[in-house]
Amino acid sequence: MSRDESRQITPRLFRLRPGVLLTAGLFLALTLFGWQLVRGLERESIEERFSARIAEVELRLKSRLTDYEEALRSAAALMLASDAVSREEWRTFARGLQLVDRYPGVQGLGYAQRLQPHEVQAHIDAVRREGLADYRLWPAGQRDEYTAIVYLEPDNARTRGALGYDMFADPVRRQAMSEARDQGAAVISPKVALLRDNGDDSQPGLLMYLPHYAKGLASDTVEGRRAALRGYIYAPIRFREFVAAALQEHAADFELEIYDGRNPVAEALLYRSHAPGAPPRTGEPLFRRTVTAMFHGQNWTLRAASLPGIEQQVGTRAPAAVLWGGLLVTLLATMAALAASVSRERANALSAARGETQRILESIDDAFFALDGDWRFTYLNPQAEKLLHRGIGELLNRNIWEEFPQAVGSEFHRQYRLAREQQKSVSFIEFYPPLRTWFEVHAYPQPSGLSVFFRNINQRRAREEALRLRERALEASANAIVITDHQQPDQPIIYVNPAFERITGYRADEAVGRNCRFLQGSDRNQADIEKLRALIRDGEEGRVVLRNYHKSGDLFWNELYVAPVRDEQGRITHFVGVQTDITDSKKYLLELERRATHDLLTGLANRSLLMDRIQLAAMQARRRGSKVAVLFIDLDGFKMINDGFGHGTGDQVLKLTGNRLAANIRQGDTAARLGGDEFVVVLNDQEKIEDISDAVQRIMDAVLRPIPIQQQEITLTCSIGISVCPDDGDDPDELLKFADVAMYKAKEEGKNTSRFYTRGMNDAIVRKVTLTNNLRRALEREEFRLHYQPQIDLATGAPIGAEALIRWQHPQYGMVSPAQFIPLAEQSGQIVQVGGWALLTACRQAAEFAESGLAPLVMSVNLSARQLRDDNLIQVIRNALLESGLPPASLELEITESMVMSDVEKSAEILARIKKLGVRIAMDDFGTGYSSLSYLKRFPIDRLKIDQSFIHEVTTDPSDAALTRAIIALAHNLGIRVVAEGVETREQRDFLVKAGCDEAQGFFYGRPVPAAEFRELAGRLQAR
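Residues 189 to 1212, numbered by this note's numbering, are exactly what the sequence shown covers, in order.
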């Protein structure tokens, strides 16, 4: 270059320098703007994720409180369903809720009773009578009303110490209780110190209250609710345990503080978290969020601060890529401007530079295209052509929606329009069916259109889907999956699936970090344990069978398959174990060895097979949407046949009954014998209750057919109880129990009938069990009473005797009928003691009547079948006469036909010994049993009592009248006096007088009354 040319170029460069600098500055500014924009978007995305986490915390806390409210409402339903819930019923209900397992943080389920000042002492006395001798109302002091804690479960030292506490005495508690009462809703209290929660692990507490109103008195008004309030169902909650359970997985992204109320001050602090494993923070948090929300009537303030775990996500490579890319573009643009301004001779160099830049842009992995304001393609790089399967010549200057019509209305269409309309970048992942491709898309609005970067993520989606499926397979597996870390000391567990928790009873957090050997407990002397060690030592796959122990301590058999996991170098990093609970199969094999599956006498299924059949039938019913009926069958009067004709004949009857049951059910149904005269039939695939009723009737008809025994035919009836799956549940044990309850109900209603199970029958069973248990102490508590009913000489109209009738004044149920408790006393054997008391008391009372000036009376006392068979009966009678001073002739013992007919010879011997004492004997309820007068000749009977069922219609039913006359005449022929029971009208009395009856007893003369009233009644009758 000549010196002159050099002089010309140098001034030109300096003239162009401002423009080049302006170009460089503009591109540099755009680059910095883009870099700052991407950084801001990235920070905004992380901050939104942080805010979402805090919102999720709020939702979890509210959801957990809703669960606790539902538990209180179920207790409220129990209170409404019963007139009076006992302490034992409350305890049983609370246990059924499984508070510890299902409601973490809840320390108990309690009931506080509202009391007025004048009710306090009666309330304290009533609770002390329940066995709580130290019960008191505290704190002491006079108040307008009280709310005493009456029930609090579970029962332990801490909860017992809270009984009697008046929560209304505490202003904090009273505020929450008043709000709950006025709103008629569950309300939680402000921060409180829970009663007895003063140990080293004490923590802030809350109380959730649900008002309990009187049945039928709840109102929509505040005044009505206050008047109807009877108490509060409540739950004390330890706050840290409640929050830990509600959050479940504690993220390492933030620290959380929860304050009571709107002001986050130290006194109101309820909870402060510390994320385990979170890196320590050296400076101020990047993100903070404070939320105040309403939780069941109480404001809580949630204050969260981010941790390095989430803050480190800010500052990825995207901003750097934008920065460096922008700087590169700035450099290239500056070079292009400089080259263009220097001279045309530099154009080839500039073109080469531009070509190099284009090759760099076109060599990137991401696809790119640009759209103008009319949605036309203005540029596509080769990667875009490849992914879209269209060349640049086909798409350039063409409308994207016309070229790809399937995208109209899709997520692509919506997001691109959103970016243009709102002038903000969008990022999304979407599947495009025509290309069968998943795309990750980033679209950026431009003044003249839209720039879109996108990539094919099919492989990534496939990997994620495969990982998700594998994770789901592990979670859904019926077998327990365990993964251990082979590279750590003692090979701790690092993962267990839900099936492991179900099979072993251990939660995942209780198992992770421990060696699998903890499942064997102390039972280490097992043959396959050494085999398992060898498999792990040698890095081989294999199968072993081990005895493991459930968290509850119950043994279960575990078939364990272990396999090593190796890395790329072939080194073992982990072991995977698949556990199968084979306890049932083990038990089944042991059961097969121990006994067969069928009843040896009848050939029907036994209980073991029956339960399997019920369970199988219930499973099939669930799949098919049908019903299963379980019929519990008891033969009426079988004991009489077995005792009267012998056990061999009884076995024949049972076999024949079993054959009839099997013959009258369908194939696929099951007939079983539980033992004795109890049978069970399982009816599968029943569509309607009517179908079940028809089948029951067929069975009853089959049982009713005459049975030939010892050259005669006898007829049996049966009582059947029925439970239905799924109506009454699907658990085999419960279905069988419910059918048993219904069968006893059929027995009580007269036998030879059937009854379907209803929920109310359980109440009858509870009452029956309560009465049976209370019978044991009724004598000690002097709860029995004797009432006396006069017996009248029909010839003179004067009282000549009295029948002693026992009554039970129960503290809970009031006056209990003998028809209810006498059978229970018979079954439990307590009738001997009760009968002995009645005999002695009646004798003493008869002696007192004589001393008080009443005309001589014969005292009649009923004997039970158990008493008649008691070896000490004669001595008991002799002692009663001696202690009371009553002459033997003034005592009459009443027996029934069924008592003596079971063993005629033995009965005749016992009655003869009684008669030898000088005591009279009466045959009670004559006409309702065998009614065989020929047998009466063998027994020393003084009086015959005609059952009131004959007397009731003796003036209207010719048959009853004829039978009554015949009994009187035949009894007189045997020298036996006759007493008519149940005389209620003058017409009945007149008939009996004409028929020649000797004596009468019934409401016409007087009801059974206490001794004091009987003296007055007998005096009036004698004065007639």
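Each residue gets a CB set at the ideal place from its N, CA and C atoms; glycine is no exception.
Asked	Found
Reduced DSSP secondary structure (H/G/I, E/B, other) of Arg302	strand
Cβ shell of Val629 (< 6 Å), same chain only, five flanking positions each side left out	Phe616 and Phe642
Own chain residues within Cβ distance below 8 Å of Ala860, not counting five before or after	Asp787, Leu792, Ala793, Asn794, Arg795, Leu797, Leu798, Arg801, Phe867, Val868, Val869 and Val870
CB of His738 within 7 Å of CB of Gly693, strictly	yes
Through-space distance from Asp408 to Arg414, alpha-carbon basis	11 Å
Burial state of Asp389 (16 or more Cβ within 10 Å)	exposed
Buried versus exposed call for Arg460 [16 or more other C-beta atoms within 10 Å across all chains shown]	exposed
Terminal residues of the alpha helix (DSSP H) in which Trp589 lies	Ile588 to Glu591
Spatial distance of Ile669 from Ala687 (CA atoms)	7 Å
Nearest residue (CA-CA) to Met807, options Gly846, Glu901 and Pro914	Pro914
Meets three-Cβ-pair contact criterion under 8 Å: the region 992-1009 and the region 1054-1065	no
Cβ neighbours of Ala666 in the same chain (closer than 7 Å, five flanking residues each side left out)	Ala687
DSSP beta-bridge partners of Ile671	Tyr683 and Val764
Three-state secondary structure (DSSP) of Lys739	coil
Through-space distance from Leu1180 to Thr1144, alpha-carbon basis	13 Å
Nearest residue (CA-CA) to Ala350, options Leu340, Asp358, Ala664 and Glu1093	Leu340
Buried or exposed (CB count within 10 angstroms, at least 16 for buried), Asp1213	Here the chain comprises residues numbered 189 to 1212, so residue 1213 is not present and cannot be evaluated.
Best match in Asp873, His674, Phe944 and Ala595 for proximity to Ile908 [C-alpha to C-alpha]	Phe944
Where the alpha helix (DSSP H) containing Met365 begins and where it ends	Pro359 to Gln371
Beta-bridge partners of Lys935, as assigned by DSSP	Per DSSP, none; premise fails for Lys935.
Whole-angstrom distance between Met1003 and Leu268, CA atom to CA atom	25 Å
Gly989 (DSSP reduced to helix, strand or coil)	strand
Simplified DSSP assignment, three categories, for Asp1091	coil
DSSP beta-bridge partners of Val753	His762
Backbone CA spacing between Leu1209 and Gln1176 [nearest angstrom]	18 Å
Residue burial classification, Ser190 (beta-carbon count within 10 angstroms, cutoff 16)	Any reading at Ser190 must be qualified, since the residue scores a pLDDT of 48, below 50, and its modelled position is unreliable; no value is offered.
Helix, strand or coil at Ala381 according to DSSP, with G and I counted as helix	coil
The region 273-282 in contact with the region 417-426 per 3-pair CB rule at 8 Å	no
Unbroken beta strand (DSSP E) run spanning Ser639, endpoints	Gly637 to Asn644
Own chain partners of Gln803 with C-beta closer than 6 Å, once the 5 adjacent residues on each side are dropped	Pro920
Where Pro399 falls, given that 16 or more other Cβ within 10 Å makes a residue buried	buried
Residue interval of the alpha helix (DSSP H) (run including Glu1014)	Pro1006 to Ser1016
Minimum C-alpha distance to Ser1137 - residue among Arg1126, Ala1150 and Asp1113	Asp1113
Stretch pair the region 973-983 + the region 1187-1200: three plus CB contacts closer than 8 Å	yes
Helix, strand or coil at Asp882 according to DSSP, with G and I counted as helix	helix
Own chain partners of Thr1029 with C-beta closer than 6 Å, once the 5 adjacent residues on each side are dropped	Leu974
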